[in-house]
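To keep things clear, I will list the structure first and then write my remarks on it.
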Amino acid sequence: MSSSDSERTFEELRDELEEIVGKLERGDVAVDEAIQLWQRGEELHRRCAALLEAAEGRIEELSAGPDDNVAPDL
Amino acid sequence: MKVEATYYGDRKVFSVSAFNEGIGIYLRRLPGLWVEGEVTELRRNDAWAFVFFTLKDPDGAACLRATMPRRRFDALELGLTEGERVHVEGKAEIYAAKGELSFRAVTIERIGLGDHLAAIERLKRVLAAEGLFAVERKRPLPRFPRAVGVVTGADAAARGDVVTGIRTRYPAARIVVAETRVQGVGAGPRIADALGRVAAHPAVDVVIVARGGGSFEDLLPFSDEIVVRAFASCPVPVVSAVGHEQDTPLCDLAADVRASTPTAAARLVVPDLIELKTGLGRLRELLDDSVGRVLARDRERLDRSHGRLRAAPVLLLERRRVALDHAAARLQALSPRATLIRGYAIVRAGGTALRSATATAPGGRLEIELASGGLTVTVDEVLP
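Written out as structure tokens, the structure is:
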């Protein structure tokens, strides 16, 4: 389940975390499941936090179109 | 004037020059008229009798060579530059030596503000009628775009504002930039092309088109039909951040969202990192709290069970004791002592219960057991 986590977006991971919290808040889970959910929740939190702390994003420059002879002046 | 032809039998054949000349005669008969277009490839030389330029539709769809006598051109003192939109009066002519059609201009008028406004108004009505500006077409902006596309001029200010704005809120953002000419000749098609290329990038989920403030003429390409249509047909939502608050180029109407400045546009397309972190922290607290509650609830349940378990033997003993007491009471009821309490007595002679008066004789000794204590007595008389 965590192998694909690295490809998931922050939003998806956070949504799953919210779902887990919701399930735990309703409280209709057995202790074993609760512990499992909590561990999963901690994992999701760690990943989300890591995504937010991620290094600076990058800027890609698209090359100009075939007939665009504008020279970037930056 | 008559154009000479040669006859080959029945076939009437013209030389090239005769044909061109004939076309020229025909063209000269046509009335003069006005043509609107952008001036490009303007060539003027003091040594030439004519000024040469090309008129182009703003979307680049068609062009027309034009000439004007240099003295007449100079007398207008227009100071025309490339890309300016003009009205030119004249008529078509053919350059006989090359068979090239051109437009012989007699006068040029730079399109005035009013003409531009009228043209924009006309286009606005047409596009509005097509539904390009309809509210139902507006799409919501993604909350977490994988990448933000930015279309901007080689104009450091607008680009810098957008990139800084995005970075400040969300440092990890991925940005895809396409720089393009945003004013002057051919700007419209280039803006449209740049928007198309950025939107086609597989990770781009939203595009900002940013252009700093400028004169009314500078912003004209953003009201070009080709640009407005490119906004409307963009596969991902577009935020327009063109010019200042008071400018409303037509692209603003076709955009999904209009931002007053490039910085404001940046704020719209990426989430705020601080807010995200706060939200995430809250989620974690909730996670710990909720699992804590589940565990506490179960612990409590366990404690209760344990308590009941520990109480069980005591309870059992208690029940036994009660049962025992009960039995004891019943036993008591059956005991002779209870009879004694009620006032009866047991009379024994030599340890044996005396059941008959004749079992003793006067002077005999008897023991009497009472509820409390006992007596030893001597028999006076026997009454059988």
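Heads up: the protein sequence lines correspond to chains Y and A, in order. When you read off a place in the first sequence, starting at 1, and then add 17, the result is the number in this note's numbering. When you read off a place in the second sequence, starting at 1, and then add 629, the result is the number in this note's numbering. Cβ atoms here follow ideal geometry from the backbone N, Cα and C, with glycine treated the same way.
Cβ neighbours of residue i in the same chain (closer than 7 Å, five flanking residues each side left out)
i       : result
P942/A  : none
E731/A  : It is Ser, not Glu, that sits at residue 731/A in the sequence shown. Excluding residues within five positions, the ones whose Cβ falls inside 7 Å are R694, A695, T696, E722, Y724.
L1004/A : I997
H62/Y   : L34
A716/A  : Ala is not the amino acid found at residue 716/A; the sequence shown has His there. The answer, listed in chain order, is W663, E665, E738, I740.
F773/A  : P900
E711/A  : V668, T669, L671, G813, V814
L897/A  : L770, V868, V886, A888
I855/A  : D688, G817, P818, A821
Through-space distance from residue j to residue i, alpha-carbon basis
i      : j      : result
D22/Y  : P900/A : 21 Å
E808/A : E759/A : 30 Å
D918/A : R937/A : 28 Å
P965/A : A940/A : 39 Å
G74/Y  : T793/A : 12 Å
D688/A : R810/A : 14 Å
E33/Y  : L69/Y  : 16 Å
A832/A : L709/A : 43 Å
R739/A : L824/A : 29 Å
R798/A : S889/A : 18 Å
D927/A : E24/Y  : 36 Å
R751/A : P878/A : 13 Å
R766/A : I749/A : 21 Å
D853/A : G817/A : 6 Å
V48/Y  : E28/Y  : 28 Å
D85/Y  : G910/A : With a pLDDT of only 47 at D85/Y, under the threshold of 50, the placement of this residue in the model should not be trusted, and no figure is reported.
G39/Y  : L905/A : 19 Å
R959/A : L983/A : 27 Å
G661/A : I652/A : 16 Å
DSSP state of residue i mapped onto helix, strand, coil
i       : result
H873/A  : coil
E711/A  : coil
W663/A  : strand
T890/A  : coil
R733/A  : strand
E633/A  : coil
F682/A  : strand
K641/A  : strand
R937/A  : helix
A1000/A : coil
R25/Y   : coil
G817/A  : helix
H716/A  : strand
Y799/A  : coil
D790/A  : helix
R959/A  : helix
I903/A  : helix
Buried/exposed call for residue i, threshold 16 Cβ in 10 Å
i      : result
D675/A : exposed
G872/A : buried
W677/A : exposed
K685/A : buried
E667/A : buried
A747/A : exposed
G921/A : exposed
I820/A : buried
R971/A : exposed
V680/A : buried
F762/A : buried
D90/Y  : Because D90/Y sits at a pLDDT of 35, beneath the cut-off of 50, its placement in the model cannot be relied upon, and the point is left open.
L963/A : exposed
V777/A : buried
G843/A : buried
Residue from the options whose Cα sits closest to the Cα of residue i
i      : options                         : result
F851/A : A832/A, C880/A, G825/A          : C880/A
P771/A : E874/A, K641/A, P864/A, L1012/A : P864/A
G841/A : R887/A, A828/A, T781/A          : T781/A
T26/Y  : V46/Y, A67/Y, E42/Y             : A67/Y
D847/A : R826/A, A828/A, V814/A, D834/A  : V814/A
V857/A : L983/A, E904/A, V755/A          : V755/A
R913/A : D45/Y, L54/Y, D49/Y             : L54/Y
Q56/Y  : I37/Y, A71/Y, E42/Y, I76/Y      : I37/Y
I576/A : D639/A, K720/A, L705/A          : Only positions 630 to 1013 of chain A appear in the structure, and residue 576/A is not among them; the question remains open.
L742/A : V777/A, L761/A, R714/A          : R714/A
S862/A : V645/A, L849/A, D954/A, R826/A  : R826/A
A925/A : G44/Y, E78/Y, R31/Y             : G44/Y
R31/Y  : E59/Y, E50/Y, E42/Y             : E59/Y
C-beta neighbour in chain D for residue i, strict 8 Å
i     : result
R64/Y : Chain labels in this structure do not include chain D; the protein chains are Y and A.
Own chain, CB closer than 6 Å to residue i, minus 5 neighbours either side, in chain order
i      : result
V867/A : V836, F860, A884, D885
H745/A : none
L995/A : V976, A978, V1006
D822/A : none
P891/A : A787, D790, V791, A839, A870
G728/A : N649
V806/A : V779
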